[in-house]
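Below is one structure; the comments refer to it alone.
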Amino acid sequence: MKILLIGYGKMGKTIEQLALAKGHTIVGKIDHTNAEELQNYNGSNTDAAIEFTHPEAAFGNVSYCLTNGIPVVSGSTGWLDKFDEAKQLCDQNKGAFFYASNYSVGVNLFFHFNEYIASKMKEYKEYEVTIREIHHLQKVDKPSGTGITTAEGILASYNNLEGWVADNPEEKSKLNITSEREPDVVGTHIVTYSSEVDQIELGHIAHSRTGFAEGAVMAAEWLKSRQGVYGMKDMLNL
Ligand SMILES: NC(=O)C1=CN([C@@H]2O[C@H](COP(=O)(O)OP(=O)(O)OC[C@H]3O[C@@H](n4cnc5c(N)ncnc54)[C@H](OP(=O)(O)O)[C@@H]3O)[C@@H](O)[C@H]2O)C=CC1
Ligand SMILES: O=C(O)C1=N[C@H](C(=O)O)C[C@H](O)C1
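Per this note's numbering, the very first residue in the sequence shown carries number 34; after that it's consecutive.
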């Protein structure tokens with residue numbers, strides 16, 4: 034496949050290595066320094082774009098792809114206030130759009146188990162549920178996209194909680210997501226159910242970015258022959 038990399042940072046570079054090893058061609062690499070070159074690409078010279086940039090840049094990049102016939106796989110986080118607009122653009126243009134807050138298969142299994150555990154734990158009101166996410170110091174958004182997806186999986190069962198809150202454990206009516214930033218942590222997410230007498234935890238620790246990159250390349254291959262808006266549950270049948 035002819036793949037356009039939008040974002041050539043930590044993720045873009047990891048994806049490039051994997052895509053080349055799988056026999057794909059990288060037709061272009063877009064970052065801050067050459068963002069205007071995006072306009073050189075369209076559905077006739079690009080089979081799919083893989084977009085890992087920045088909260089401020091993601092919607093514009095995804096919109097460009099959807100209005101120029103390029104199937105787009107996006108992993109950027111921190112821009113989902115515009116997600117419904119992106120879905121509409123995809124529908125209007127009969128485009129192909131794949132989004133995941135986390136492309137690793139392991140994290141998506143973690144999401145699945147998280148939803149199941151929450152559906153059971155909601156009956157046991159003596160346990161308080163909280164989420165903790167830890168990432169490297171360069172991360173610009175918080176809470177992490179994965180942390181938010183994890184919260185949504187819990188809130189689907191916990192009707193008594195009024196949404197999630199960032200870094201505010203005192204606000205007991207909401208599900209607290211604590212964000213920590215430490216050197217070189219790729220991505221750690223832990224859900225804790227704590228009572229006076231004991232504690233239950235479900236966690237995922239990424240050892241490298243390879244899992245994210247593998248999932249993103251797999252999504253680009255999977256999206257090629259499709260039209261519509263998709264996520265990891267569609268691809269993995271979870
Ligand atoms: N869904 C998932 O599985 C994962 C998602 N992510 C998310 O992916 C995103 C990128 O992460 P990561 O690669 O670690 O970040 P990096 O900061 O390492 O890389 C970001 C890249 O985007 C480029 N960029 C920034 N702004 C623009 C712009 N306006 N136009 C074009 N390119 C731009 C940067 O260019 P320059 O260097 O020139 O500024 C850089 O090449 C983040 O939102 C992160 O949360 C990360 C890992 C996994
Ligand atoms: O910025 C990162 O690095 C990561 N971002 C994603 C997120 O916000 O959930 C996924 C992963 O945890 C790494």
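The C-beta atom is built at its ideal place from N, Cα and C for all residues, glycine as well.
Per-residue DSSP class, three states only, for residue i
| i | result |
| --- | --- |
| HIS237 | strand |
| GLN121 | helix |
| GLN171 | coil |
| LEU37 | strand |
| GLU213 | strand |
| SER228 | coil |
| LEU194 | coil |
| ALA184 | helix |
| GLU69 | helix |
| GLY42 | coil |
| GLY244 | helix |
C-beta contact flag for residue i and residue j at 9 Å
| i | j | result |
| --- | --- | --- |
| THR58 | ILE83 | no |
| ARG214 | HIS168 | yes |
| ILE164 | TRP112 | no |
| VAL162 | THR79 | no |
| ALA91 | ALA68 | no |
| GLY248 | TYR136 | yes |
| TYR160 | SER228 | yes |
| ALA119 | ALA252 | no |
| GLY186 | SER109 | no |
| TYR191 | LYS153 | no |
Straight-line gap, residue i to residue j (C-alpha atoms, nearest Å)
| i | j | result |
| --- | --- | --- |
| ILE233 | TYR157 | 12 Å |
| HIS65 | THR86 | 9 Å |
| THR179 | ASN75 | 30 Å |
| LYS55 | THR47 | 13 Å |
| HIS240 | VAL219 | 7 Å |
| ASN358 | VAL262 | Past the boundaries of the shown model lies residue 358; the chain is included only from 34 to 271, so the question cannot be answered. |
| PHE130 | GLY139 | 22 Å |
| GLU148 | ASN73 | 42 Å |
| LEU194 | MET265 | 26 Å |
| LYS257 | MET268 | 12 Å |
| PRO216 | LEU208 | 26 Å |
| GLY93 | HIS222 | 29 Å |
| LEU71 | ILE63 | 7 Å |
| LEU99 | VAL230 | 52 Å |
| LEU38 | PHE143 | 27 Å |
Same chain, Cβ closer than 7 Å to residue i, neighbours up to 5 away in sequence not counted
| i | result |
| --- | --- |
| ILE150 | LEU235 |
| PRO176 | GLU166, ALA199, ILE210 and SER212 |
| VAL250 | ILE48, LEU51, ALA52 and LYS55 |
| HIS145 | LEU271 |
Close Cβ partners of residue i (< 6 Å) along its chain, the five nearest in sequence each way excluded
| i | result |
| --- | --- |
| LYS127 | GLN260 |
| GLU204 | VAL198 |
| SER206 | GLU195 |
Beta-carbon proximity list for residue i, same chain, < 8 Å, skipping 5 on both sides
| i | result |
| --- | --- |
| VAL173 | HIS87, PRO88 and GLY111 |
At what residue ranges does the region 78-145 contain a whole run of the alpha helix (DSSP H), taking only runs of 4 or more?
91-100 and 116-125
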